[in-house]
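**Q** In this note's numbering, the protein residues as written are 66 to 307. All residues carry an ideal CB built from backbone N, CA and C; glycine is no exception. As the structure is a computational prediction, the values presented were derived from the model and not from experiment.
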Amino acid sequence: MGQEVQVTGLVLQTGNIGEYDRRIVLLTKERGRISAFARGAKRATSSYAAACQPFTFGKFSLYEGKSSFNLMWAEVDNYFNELKKDLDLIYYGSYFCELASYLTRENNDELEILKLVYQSLRALEKKTIPPILIRCIYEVKILALYGIGMEVFQCVRCQGKENLIGFHPAEGGAICSSCGTGMSSMSGSTLYTLQFILCSSIEKLYTFRVSDEVLSELRKIIKEFMRIHIDHQFKSLMFLQE
Ligand SMILES: [Zn+2]
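1. Give the straight-line distance between the Cα atoms of R274 and T73, rounded to the nearest whole angstrom.
2. If you draw a straight line from the alpha carbon of A209 to that of I230, how long is it in whole angstroms?
3. Going by the CB atoms, is the gap between P234 and I197 shorter than 7 angstroms?
4. Where DSSP assigns a beta bridge to F299, which residues make up the other side?
5. Assess contact between the stretch 250-265 and the stretch 159-179, defined as three or more Cβ pairs (one per stretch) separated by less than 8 angstroms. Is contact present?
6. Decide yes or no for the touch test of the stretch 131-140 against the stretch 259-279: beta carbon pairs closer than 8 angstroms, at least 3 of them.
7. Would you list the residues sitting across from Q78 in a DSSP beta bridge?
8. Have a look at S185 and L154 and give me their C-alpha separation to the nearest angstrom.
9. Residues in the same chain with beta-carbon distance under 8 angstroms from V279, minus the five sequence neighbours each way, listed in chain order, please.
10. Give a yes or no on whether the C-beta atoms belonging to I194 and L270 are separated by under 7 angstroms.
11. If we call anything under 7 angstroms between Cβ atoms a contact, is E175 one with G83?
12. Does any heavy atom of ligand 1 sit closer than 6 angstroms to the C-beta of C117?
13. Near C223, which residues of its chain fall below 6 angstroms by C-beta distance, leaving aside the five closest residues on each side in sequence?
14. Should G225 be listed as close to ligand 1, given that the test is whether its C-beta is under 6 angstroms from any heavy atom?
15. Nearer than 6 angstroms: is that true of the beta carbon of G244 relative to any heavy atom of ligand 1?
16. Roughly how far, in whole angstroms, is the beta-carbon of I286 from the beta-carbon of E204, given that I think they are within contact range, below 8 angstroms?
17. Using the three-state DSSP reduction, which class does I178 fall into: helix, strand or coil?
18. Please tell me whether E69 and Y128 are closer than 7 angstroms, where the distance is taken between their beta carbons.
19. Since A165 is in the alpha helix (DSSP H), which residue starts that stretch and which ends it?
20. Where A115 and L152 are concerned, what is the direct C-alpha to C-alpha distance, given to the nearest angstrom?
21. What first and last residue would you give for the alpha helix (DSSP H) that runs through Y198?
22. Ligand 3 and C264: does the residue's C-beta get closer than 6 angstroms to at least one heavy atom of that ligand?
See below:
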């Protein structure tokens with residue numbers, strides 16, 4: 066028998082089903098990542114058409130059937146309308162959502178990832194730090210929350226804490242000067258930035274800037290790390306130029 070459930074969450078993705086209906090992927094506080102069928106959501110007269118757009122955050126009431134959820138109504142807290150005015154930010158936001166969707170599951174506790182996605186969309190909207198840095202921070206943090214965090218507090222080979230001067234993407238972290246030969250080098254500022262991202266609470270993540278040198282080093286390290294540990298082609302990345 067079906068029943069009504071209420072969840073708080075964010076619309077990560079939407080897809081069309083036929084001419085009038087939509088399927089939405091929600092990241093929720095209560096049920097992890099779920100997908101729901103929104104009947105008639107493409108009709109102009111639909112009461113929840115606006116809620117069935119990516120980046121919508123709010124409360125959703127769903128009818129839980131045997132194998133799927135059906136959207137009944139939505140009460141929206143935030144549409145991220147500022148973000149939607151800038152095409153570049155939409156691309157970043159879409160990528161953040163796609164990555165979150167890829168890493169989360171139904172009935173998992175995904176509350177921290179939900180908070181992270183929400184704060185990251187807020188950071189894009191605020192524009193106090195560049196989107197490319199927001200992306201770096203987001204990627205490092207979401208992978209850590211997912212369970213594949215970088216080891217940047219000690220050497221991945223000898224566990225020594227001194228002279229961490231390189232990064233080994235395949236071994237997943239920092240390398241010290243006695244262990245590392247031929248590794249890609251990592252500056253002290255980049256090391257400190259990665260440590261800060263991993264230690265910081267989600268609320269304080271988007272509060273710093275870095276030099277261009279550190280930013281390009283971060284990009285390179287994260288890109289190689291993700292290529293090895295995630296190895297997935299994200300559709301939304303096609304629009305983001307490196
Ligand atoms: Zn070492």
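**A** Result, derived from the coordinates:
1. Rounded to the nearest angstrom, the gap between the Cα atoms of R274 and T73 is 32 angstroms.
2. Approximately 21 angstroms, taken between the alpha carbons.
3. Not closer than 7 angstroms, so no.
4. Paired residues: none, contrary to the question.
5. Judged by Cβ distances under 8 angstroms, the stretch 250-265 makes no contact with the stretch 159-179, as fewer than three pairs qualify.
6. At 8 angstroms Cβ cutoff, the stretches do not touch.
7. DSSP output for Q78 lists V90 as bridge partner(s).
8. So the two alpha carbons sit approximately 11 angstroms from each other.
9. Cβ within range, chain order: S252, S254, T255, T258.
10. At a Cβ-Cβ threshold of 7 angstroms, I194 and L270 do not count as neighbours.
11. No. Outside cutoff.
12. Placement of the Cβ of C117 at a distance of 6 angstroms or more from every heavy atom of ligand 1 is found.
13. Same-chain partners within the cutoff: C244.
14. Yes, ligand 1 has a heavy atom inside 6 angstroms of this Cβ.
15. With the sequence shown as reference, residue 244 is identified as Cys, and Gly is not the correct amino acid for it. C244: yes, Cβ under 6 angstroms from ligand 1.
16. At roughly 10 angstroms, the Cβ-Cβ gap does not stay under 8 angstroms, so I286 and E204 are not in contact.
17. DSSP places I178 in helix when its eight states are reduced to three.
18. Their beta carbons are under 7 angstroms apart, which means E69 touches Y128 by this criterion.
19. Per DSSP, A165 belongs to the alpha helix (DSSP H) from 152-168.
20. Between the alpha carbons of A115 and L152 lies a distance of about 19 angstroms.
21. The residue asked about is misnamed: residue 198 is Leu in this sequence, not Tyr. Element bounds for L198: 196-211.
22. The ligand content of the structure shown is limited to ligand 1, which means ligand 3 is not among them.
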